[in-house]
Amino acid sequence: DAKITRAYNLPSGYVLHTVGPIILNENVSEFQKDQLASCYRSCLSLANQVQEIRSIAFPCISTGVFNFPGELASRTAIETVDEWLSSNSHRFTHVIFNVFLEEDFDYYAGSFRGPDN
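If you're matching positions, the sequence shown starts at 7 in our numbering and goes up one per residue.
Right under this line is the structure:
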């Protein structure tokens, strides 16, 4: 489940908090994939309850020290958000995937371009 707080000194109105799955070995189970997708759905649903939230930015949830593979995490994020937006297309003006590493940028860019581009 996601939680929401005011952003205080950050340049936004709110911060959504979620904790994704921790991958202890190289094998990611279907349950862990579902947990990651649930993080995105939970954040979107919670943000949807606050009318003044018009845009939302996501970091690479569960990657980094939580060891979720970046390529799979980016595909899961994009597919989950896309699915949620297909039923709530009017809700947000922007959904941003904020990345830290160039490698993560490449995963997201590749997902948006598709396999043939």
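Just so you know, even glycine gets a beta-carbon here, dropped at the ideal spot from N, CA and C.
Q: Report buried or exposed for residue 83, applying the criterion of at least 16 other Cβ atoms within 10 angstroms of its Cβ.
A: Locating residue 83 in the sequence shown gives position 77, where the first residue counts as 1. With 16 or more Cβ atoms within 10 Å of its Cβ, residue 83 is classed as buried.
Q.
For the pair the segment 70–83 and the segment 51–61, tell me if three or more CB-CB distances fall below 8 Å.
A. no
Q | Outcome for residue 64 when other beta-carbon atoms lying within 10 angstroms are tallied against a minimum of 16 | A | Looking up residue 64 in the sequence shown gives position 58. Classification for residue 64: buried.
Q: Report the rounded CA-to-CA distance for residue 128 versus residue 116, giving the unit in angstroms.
A: This structure leaves residue 128 out entirely; the chain is present only between 7 and 123.
Q. Measuring CB to CB, does residue 8 end up less than 8 Å from residue 21?
A. Taking the first residue of the sequence shown as position 1, residue 8 is located at position 2. Taking the first residue of the sequence shown as position 1, residue 21 is located at position 15. No, these two residues do not count as a Cβ contact at 8 Å.
Q: Going by CA-CA distance only, name the one from 26, 27, 10, 50 that's closest to residue 19.
A: Indexing the sequence shown from 1 puts residue 19 at position 13. Among 26, 27, 10, 50, the Cα nearest to that of residue 19 is on 10.
Q: On a CA-only basis, which of 100, 77, 104, 94 is nearest residue 32? Give me that one, please.
A: Position 26 of the sequence shown holds residue 32. Of 100, 77, 104, 94, the residue nearest in Cα terms is 77.
Q. Looking only at its own chain, which residues have a Cβ that is under 6 Å from the Cβ of residue 28, when we skip the five neighbours before and after it?
A. Position 22 of the sequence shown, counted from the start, is the residue given in the question as residue 28. Counting only Cβ-Cβ distances below 6 Å, and skipping sequence neighbours, we find 72.
Q. Thinking just about the alpha-carbon of each residue, which of 74, 37, 53, 66 is nearest to the one in residue 98?
A. Counted from its first residue, the sequence shown places residue 98 at position 92. Nearest option by C-alpha distance: 53.
Q | Element boundaries [alpha helix (DSSP H), containing residue 87] | A | Counted from its first residue, the sequence shown places residue 87 at position 81. It spans 76–93 - the alpha helix (DSSP H) in which residue 87 sits, taken as one unbroken run.
**Q.** Beta-carbon proximity check, residue 101 vs residue 87, cutoff 8 Å
**A.** Position 95 of the sequence shown, counting from 1, holds the residue named residue 101. Position 81 of the sequence shown, counting from 1, holds the residue named residue 87. It is a contact, given that the beta carbons lie within the stated cut-off.
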